[in-house]
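What follows is a short report on a single structure.
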Amino acid sequence: MTAAADASEAAELLAAVPASRRVALVDPRFVGHVHALRLGLTDPRFAAAAIPGALTAQPEARAALLRALRRAVVAVGAGSPVAPPGAEPVTEDRTVPGRLAVALDAEGTHVQRPELGSLTAEVPTGSEERVAARAAVDAVDDEAVRLRSAVKAHDGFFTTFFISPYSRYIARWCARRGLTPNQVTTASLITALIAAGSAATGTRGGYVAAGVLLLLSFVLDCTDGQLARYSLQYSTMGAWLDATFDRAKEYAYYAGLALGAARGGDDVWVLALGAMVLQACRHVVDFSFNEANHDAVSNTSPTAALSDKLDSVGWTVWLRRMIVLPIGERWAMIAVLTAVTTPRIVFYALLVGCALAACYTTAGRLLRSLTRKAQRTDRAARALADLADSGPLAEGVGAVLRRPRGGFTAPFLALAGAAVVVAAALFAPYGGWLTVGAAALYAVVSGLAVSRPLKGALDWLVPPVFRAAEYCTVLVLAARSDVPHAVPAAFGLVSAVAYHHYDTVYRIRGGTGAPPRWLVRTIGGHEGRTLVVAVLAAVLTGGSGFTTALTVLAAAVALVVLVESIRFWVSSSAPAVHDEGELA
Numbered sequence: 021m022t023a024a025a026d027a028s029e030a031a032e033l034l035a036a037v038p039a040s041r042r043v044a045l046v047d048p049r050f051v052g053h054v055h056a057l058r059l060g061l062t063d064p065r066f067a068a069a070a071i072p073g074a075l076t077a078q079p080e081a082r083a084a085l086l087r088a089l090r091r092a093v094v095a096v097g098a099g100s101p102v103a104p105p106g107a108e109p110v111t112e113d114r115t116v117p118g119r120l121a122v123a124l125d126a127e128g129t130h131v132q133r134p135e136l137g138s139l140t141a142e143v144p145t146g147s148e149e150r151v152a153a154r155a156a157v158d159a160v161d162d163e164a165v166r167l168r169s170a171v172k173a174h175d176g177f178f179t180t181f182f183i184s185p186y187s188r189y190i191a192r193w194c195a196r197r198g199l200t201p202n203q204v205t206t207a208s209l210i211t212a213l214i215a216a217g218s219a220a221t222g223t224r225g226g227y228v229a230a231g232v233l234l235l236l237s238f239v240l241d242c243t244d245g246q247l248a249r250y251s252l253q254y255s256t257m258g259a260w261l262d263a264t265f266d267r268a269k270e271y272a273y274y275a276g277l278a279l280g281a282a283r284g285g286d287d288v289w290v291l292a293l294g295a296m297v298l299q300a301c302r303h304v305v306d307f308s309f310n311e312a313n314h315d316a317v318s319n320t321s322p323t324a325a326l327s328d329k330l331d332s333v334g335w336t337v338w339l340r341r342m343i344v345l346p347i348g349e350r351w352a353m354i355a356v357l358t359a360v361t362t363p364r365i366v367f368y369a370l371l372v373g374c375a376l377a378a379c380y381t382t383a384g385r386l387l388r389s390l391t392r393k394a395q396r397t398d399r400a401a402r403a404l405a406d407l408a409d410s411g412p413l414a415e416g417v418g419a420v421l422r423r424p425r426g427g428f429t430a431p432f433l434a435l436a437g438a439a440v441v442v443a444a445a446l447f448a449p450y451g452g453w454l455t456v457g458a459a460a461l462y463a464v465v466s467g468l469a470v471s472r473p474l475k476g477a478l479d480w481l482v483p484p485v486f487r488a489a490e491y492c493t494v495l496v497l498a499a500r501s502d503v504p505h506a507v508p509a510a511f512g513l514v515s516a517v518a519y520h521h522y523d524t525v526y527r528i529r530g531g532t533g534a535p536p537r538w539l540v541r542t543i544g545g546h547e548g549r550t551l552v553v554a555v556l557a558a559v560l561t562g563g564s565g566f567t568t569a570l571t572v573l574a575a576a577v578a579l580v581v582l583v584e585s586i587r588f589w590v591s592s593s594a595p596a597v598h599d600e601g602e603l604a
């Protein structure tokens with residue numbers, strides 16, 4: 021820390037700092053909580069941030085800060101900075117950092133101003149004000165506020181009342197020992213994988229250990245986010261790890277339960293894959309709806325207004341959060357049932373619970389979409405197109421044909437195509453070419469569905485319908501094949517494809533756009549993969565060829581998407597974020 025006598029010297033000192041480093045300006049008269057300074061000056065998610073009497077700039081905002089300082093030097097020699105021509109700084113913070121923050125905003129560099137709540141951050145100008153400010157600092161426990169703010173503002177009932185009351189202290193313990201959120205996230209993954217291995221033993225002791233370890237993994241899963249918020253260690257890599265590891269843990273645990281059941285003579289692989297398909301489709305409904313309405317104009321509806329009214333009644337908030345079976349409630353249910361029942365019962369409960377939750381959330385989103393009058397943007401349409409994951413076959417159809425105009429034609433076509441291919445997989449003679457023809461028709465219809473921008477009221481249904489069509493077709497064909505290990509191979513294929521779909525979501529959320537088109541084309545798009553699996557089922561009707569083909573396809577898809585995903589996230593220039601996430 022170096023003291024500067026005036027703006028001229030401050031500009032010289034800042035210019036001498038290496039360009040790759042963050043810089044901060046703090047008024048020497050500042051009085052406030054340490055955590056207030058921490059919130060204002062150390063959060064890596066924002067290029068520039070300010071609190072009363074303090075301002076920070078990351079490397080990308082350094083040039084704008086220096087320009088503002090030099091304008092100040094030119095204007096008044098060594099006094100208060102001024103904004104660009106035509107932009108008069110109007111702010112209650114009349115300090116040098118405060119005026120600079122206004123100047124940066126006026127120039128187009130967004131300055132984040134964190135909510136301080138009960139924390140104090142002031143620049144007193146007289147002795148009485150200084151005494152009052154110090155009294156305000158002494159009246160509030162800085163560490164207690166920091167611990168409270170480490171917990172998500174909106175979380176599930178189980179997490180809020182059974183995990184967070186103590187996991188926040190684990191997060192503080194980790195912070196004081198120099199552990200990072202990514203290390204805790206990795207520990208959570210390892211714990212969940214050990215839990216899956218325990219479940220795979222098929223013994224009662226293994227099931228009990230699996231349930232306990234799964235709950236411990238969830239405690240660590242909560243701790244990593246709380247550690248990130250407590251120590252402000254946000255990162256792009258951390259957000260990606262936190263989000264993708266949740267899916268990897270849950271699906272690995274499903275596989276462990278299925279293996280354990282098989283040791284006891286009970287084949288539940290179809291139930292395990294069905295649970296994974298249902299959970300993935302639930303998520304894409306949430307993601308697709310949120311992206312469709314992320315920046316919609318006139319985003320209001322009577323249903324949304326009713327929801328806002330219910331938010332004022334405390335018990336309804338918790339009830340609605342529990343109904344959607346968020347990750348905390350879901351994992352607690354899985355852990356307890358694993359310990360005291362059988363894998364088959366676990367999957368039955370999971371399927372019923374997730375199906376009810378899916379009906380509840382989807383019905384609410386349908387009502388909101390039908391009753392609101394909103395104009396969706398090009399950005400929303402682009403996001404839905406990316407989530408649709410259309411490959412070269414659908415692209416080719418869309419380049420030649422256009423779907424009829426109409427508000428509901430896109431979801432209608434998607435539903436019709438999905439119904440045809442899934443019905444054929446279910447009811448057509450297995451191994452016949454009727455299913456292949458249905459898959460080819462699905463490819464054509466799905467191309468028609470996305471041939472125009474997805475801006476209709478219900479167009480957000482298109483991506484989840486495509487997910488359900490692809491995943492269910494793979495599940496049904498593997499289950500009907502009666503080939504040994506075909507369903508576990510299908511489980512691997514759906515896992516690899518689901519990873520790609522989740523990766524697409526997290527890239528869009530991070531503001532970096534969807535995966536490159538070459539990747540989507542290489543792995544065939546949803547319609548291409550569906551057609552390939554249908555052809556494999558028709559051609560490889562005897563022996564273990566179908567299982568081998570599904571395994572090879574799963575490995576190929578996993579290799580391509582994982583290599584590209586890891587390359588992107590490791591080298592990504594995406595802004596640092598932390599996934600506050602949906603409850604599910």
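Heads up, the sequence shown is in this note's numbering, so the first residue is 21 and it goes up one at a time. Here a beta-carbon is modelled for each residue, glycine too, at the ideal position from N, C-alpha and C.
Terminal residues of the alpha helix (DSSP H) in which residue i lies
i: T493; result: V482 to S501
i: T76; result: Here T76 belongs to no alpha helix (DSSP H); instead the beta strand (DSSP E) covers A74 to A77.
i: I183; result: Note, I183: premise wrong, no alpha helix (DSSP H); not H, not E.
i: L120; result: V116 to E127
i: V470; result: Run containing V470: none; DSSP gives neither H nor E here.
i: R249; result: R224 to S251
i: Y274; result: T256 to R283
i: L57; result: V54 to L61
From the options, residue whose alpha carbon lies closest to that of residue i
i: L478; options: R500, R388, F486 and R527; result: R388
i: A469; options: A439, V517 and G418; result: G418
i: A212; options: L199, Y227 and T200; result: Y227
i: W351; options: P431, K269 and A282; result: K269
i: G258; options: D244, R472, S251 and R529; result: D244
i: G411; options: D306, H546, H314 and A383; result: H546
i: F566; options: T129, V553 and A164; result: V553
i: G531; options: T221, D113 and E311; result: E311
i: D262; options: L61, F238 and C492; result: F238
i: V496; options: W193, L345, V441 and P363; result: V441
i: T264; options: L199, A300 and T200; result: A300
i: V580; options: G563, R537, A489 and L446; result: R537
i: I71; options: C379, D161, V54 and V288; result: V54
Rounded distance between the beta-carbons of residue j and residue i, thought under 8 Å
i: L435; j: I354; result: Actually they are not in contact, since the Cβ atoms of L435 and I354 sit about 31 Å apart, beyond 8 Å.
i: G276; j: G217; result: 6 Å
i: P608; j: L59; result: Because residue 608 is not part of the residues shown, which for the chain are 21 to 604, the question remains open.
i: G231; j: V356; result: 6 Å
i: H520; j: R487; result: Actually they are not in contact, since the Cβ atoms of H520 and R487 sit about 11 Å apart, beyond 8 Å.
i: A516; j: V577; result: 4 Å
i: A141; j: A56; result: 4 Å
i: P363; j: A281; result: 4 Å
i: E584; j: L539; result: 5 Å
Residues near residue i by beta carbon distance below 8 Å, same chain, minus five either side
i: L371; result: L291, G294, A295 and L298
i: D63; result: A69, Q132, P134, L252 and Y254
i: Y273; result: A212, A215, A216, A219, A230, L234 and I354
i: F177; result: W338, R341, M342, G348 and E349
i: Y368; result: L291
i: D266; result: D241 and I347
i: L89; result: A27, A30, A31, L34, P101 and L120
Residues near residue i by beta carbon distance below 7 Å, same chain, minus five either side
i: S308; result: L404, L407, W480, P483 and P484
i: A569; result: L556 and L560
i: A460; result: L551
i: W260; result: Y526 and W589
i: R82; result: A39 and V43
i: L474; result: A401, L404, A405, A430 and V482
i: G106; result: Note on G106: pLDDT 49, under 50, position unreliable in the model; the coordinate value appears next. Contacts found: none.
i: R8; result: No statement about residue 8 is possible, as the shown extent of the chain runs from 21 to 604 and does not include it.
Same chain only: Cβ atoms within 6 Å of residue i, ignoring 5 sequence neighbours per side
i: Y450; result: R500
i: R283; result: G222
i: T115; result: D47, G73 and V143
i: V110; result: Residue placement at V110 is flagged as unreliable, the pLDDT there being 47, under the threshold of 50; the coordinate-derived value follows with that caveat. Once the five neighbours on either side are set aside, V110 has no close Cβ partner at all.
i: L413; result: A463, E547 and G548
Residue i - containing beta strand (DSSP E), residue span
i: V43; result: V43 to V46
i: I71; result: A68 to I71
Contact the region 201-213 vs the region 152-165: 3+ CB pairs below 8 Å: no
Touching by the beta-carbon criterion (3+ pairs, under 8 Å), the region 448-468 and the region 505-521: no
The region 63-77 / the region 160-178 touching (three or more Cβ pairs under 8 Å): no
Three-pair Cβ contact test at 8 Å for the region 77-88 versus the region 33-43: yes
Sufficient close CB pairs (3 or more, under 8 Å) joining the region 509-526 to the region 385-402: no
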